[in-house]
Structure formats: C-alpha cells, structure tokens
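Down below is the structure, laid out as structure tokens.
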Amino acid sequence: MSPVWYAARAGVRRGWTELRQTFTTGQDVFGYVLWTVLLMVPLFLNKDDPLKGAGISEGAFMLPSMLGMTLAFTGIGTTAQLLATEREDGTLLRAKAVPHGMVGHLVGKIIMVSGTAVFSMVFPFAVGVFLVDGVARQGGGALLTLVWAIPLGLLATLPIGAVIGSLASSPRTAAFLMLPMMGLFAISGIYFPISEMPEWLQTVGQVFPVYWVGLALRSALLPADAVVAEIGDSWRLLETAGALGAWTVAGLLLAPPVLRRMARRESGAAMAERHRRAMQRVG
Numbered sequence: 001m002s003p004v005w006y007a008a009r010a011g012v013r014r015g016w017t018e019l020r021q022t023f024t025t026g027q028d029v030f031g032y033v034l035w036t037v038l039l040m041v042p043l044f045l046n047k048d049d050p051l052k053g054a055g056i057s058e059g060a061f062m063l064p065s066m067l068g069m070t071l072a073f074t075g076i077g078t079t080a081q082l083l084a085t086e087r088e089d090g091t092l093l094r095a096k097a098v099p100h101g102m103v104g105h106l107v108g109k110i111i112m113v114s115g116t117a118v119f120s121m122v123f124p125f126a127v128g129v130f131l132v133d134g135v136a137r138q139g140g141g142a143l144l145t146l147v148w149a150i151p152l153g154l155l156a157t158l159p160i161g162a163v164i165g166s167l168a169s170s171p172r173t174a175a176f177l178m179l180p181m182m183g184l185f186a187i188s189g190i191y192f193p194i195s196e197m198p199e200w201l202q203t204v205g206q207v208f209p210v211y212w213v214g215l216a217l218r219s220a221l222l223p224a225d226a227v228v229a230e231i232g233d234s235w236r237l238l239e240t241a242g243a244l245g246a247w248t249v250a251g252l253l254l255a256p257p258v259l260r261r262m263a264r265r266e267s268g269a270a271m272a273e274r275h276r277r278a279m280q281r282v283g
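Next comes the structure, spelled out in structure tokens:
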C-alpha cells in the first residue's frame, strides 16, 4: 500500500471519529437544534401564504431552498472555520510534521464536513415536511436528483471553504471573510424566487453555487407546477449540473496549490507569533 493511500485511509477513520464526536457533544447538538429552529421560524410564518401561480405555499418553496443554503453554508463556512482554527492552534503544523499527514488531515475534514452538512439538512427537513404541505412527494425521480445534486453541491462548495480558510490568518478573519456570504444568500432565491429580482441581481445570483444547489433541491422536492416560479419556467437540471461542475473543477484546481502554500508557510515561529497576537487581544 502506498504511503499516500495509507494516509488517506487514516484520514477517513479520523473523519468518522470526529463526526461521531460532534454528534455526541452537547454543544454541537444544541447548535443543530438551534439552526433547525431558526430555519423553521420563517417557514412557520409563511406556511399558509400562497406562492403566486405555483400551487404551493411560500413556506414550501423556502424549505428546499433553505436546505440548499445549509449545504452551501456548511461546505464553505465550516471548512473555512476549521482550517483557520486548526492553523491557529497548531493542529495543521502537527499534521505537516507527519509524512503525508496533510493528506490524511484534509481527507478527515472532508468526511467530517460532508457528514455535518448532510445531518444539518436532514434534521430541518424531517421537521419541515410536517410543517408545510406539498414537499417531498415526487417519488423516485426526486431521489435520483438528490443522489447527484448533494454530492456535487459539496464538491462545489468545500474547495471554496478550503481557500477561504487557507487565506484567513485566524478564525476571526475567516468569519469576517464569510460576511459577504450572507448577502449572497439573500440574492440566491432562498426566501423568495430569484425570478422576482431585477435582472442584474438574477445574473449575480446565478454566478455562485448557492443558487444552483437550491434550484436542484427544489426540482427534487417540489411539485412539477412549482417550476413557474423559476427563471424560464424550467428546473434547468443540465445547467445546474454544468454550473456546479464548473465550480467543482475551479475549486479543485485552485484549492490544492493554496493549501500547499499555506502548509509550506506553517512553522513553529509563525504559530508562536499568532499566539502572541491573540494574547495581546485578550489582554
């Protein structure tokens, strides 16, 4: 067995271990519950308001859109925060000191973040289907869409988070860099159809993967008549696969060299300097 393959297998085991830990840690579980509550509030407030011409409520439209937002936010935000935190506390430096340790470390993070993203979607979905009508009644075709859309959505967003986490000097910087994501979600058709926005905002929203993940989940979970709320009255599945595929390719081309550059710059002296600056802020 090659050393790289062995490191990758060790990373898979580490990822599953971290995933089990997060599901058995009270603080993390509380975070999942709180996130679900925050998502359910707008669904409850809009569950009886009809979406014009679509035959569903605004709450039903929002549920799959919010699940797409959850996937994208977890893929980007959690990855960025984890890398920035572990860079600051020396975890990445220790991984770098082990032969092929960065390979195993990154594989572990992919497993952990992917599992977290899926769980963060399943919990709100399980609650939401009882709160709003007209969702998840599409049969086998919906399942097939979910089978390719969720993994492709993760592949499109995880590298973005890795790049942000590699560029951030601290978890606080990573959080600051994530602020534009809030505005991006607002113009990505999460809370109301993007087709109701000005054309220039529609164009901006369609550049990023958040919109396409939400569109794929709506196509899978909403009735066929709900397509009238979308641009061009179409689910545009081929365009969705193409857009997410393009982000995946771009991320996989950009993230590895950025991560390698970050790893080369890690040293005991650099970590000590970050620790000194952190102590000055606390003091």
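Residue 5 in UniProt numbering sits at position 5 of the sequence shown, with consecutive numbering throughout. No residue lacks a Cβ here, since even glycine has one placed at the ideal position from N, Cα and C.
- A buried status is given to Arg236, since no fewer than 16 other beta-carbon atoms sit within 10 Å of its beta-carbon.
- The beta carbons of Gly251 and Ile110 sit about 12 Å from each other, so the pair does not count as a contact at 8 Å.
- With contacts defined as CB atoms closer than 7 Å, Glu18 and Met102 fail to qualify as a contacting pair.
- Judged by DSSP in its simplified three-state form, Ser234 adopts coil rather than helix or strand.
- Residue pairing by DSSP places Pro64 opposite no residue, since no beta bridge is assigned to it.
- The segment 125–138 makes no contact with the segment 84–95, as fewer than three CB pairs between them are under 8 Å.
- Going by DSSP, Val129 is part of the alpha helix (DSSP H) stretching over Gly101 to Leu131.
- With contacts defined by Cβ atoms closer than 7 Å, Leu154 and Thr248 do not form a contacting pair.
- Between Gly77 and Ala10, the gap from beta carbon to beta carbon reaches 7 Å or more.
- Taking a 10 Å sphere around the C-beta of Val33, we find fewer than 16 other C-beta atoms and assign the residue as exposed.
- Here Ile190 really is in contact with Ser65; their C-beta atoms are around 5 Å apart, less than 8 Å.
- By the neighbour-count criterion, in which a residue is buried when 16 or more other Cβ atoms sit within 10 angstroms of its Cβ, Ser57 is buried.
- In the structure shown, the three-state DSSP call for Pro50 is strand.
- The Cβ atoms of Gly165 and Ala84 sit closer than 7 Å to each other.
- Judged by DSSP secondary structure, Thr17 falls within the alpha helix (DSSP H) whose first and last residues are Pro3 to Phe23.
- An exposed status is given to Pro257, since fewer than 16 other beta-carbon atoms sit within 10 Å of its beta-carbon.
- Excluding five sequence positions before and after Ala80, the CB atoms of its chain that fall closer than 6 Å to its own CB belong to Gly161, Ile164, Gly165 and Ala174, given in chain order.
- Minimum Cα-Cα distance from Leu217 among the listed residues Glu196, Phe123, Phe23 and Phe61 corresponds to Phe61.
- In the DSSP assignment, Glu88 falls within the unbroken alpha helix (DSSP H) covering Thr79 to Glu88.
- The Cβ neighbour count for Phe208, taken over all protein chains shown within 10 Å, is at least 16; the residue is labelled buried.
- Residue range Glu199 to Val207 is occupied by the alpha helix (DSSP H) that includes Gly205.
- Excluding sequence positions up to five before and after Asp225, its CB lies within less than 8 Å of the CB of Ala54, Gly55 and Ile56, all in the same chain and listed in chain order.
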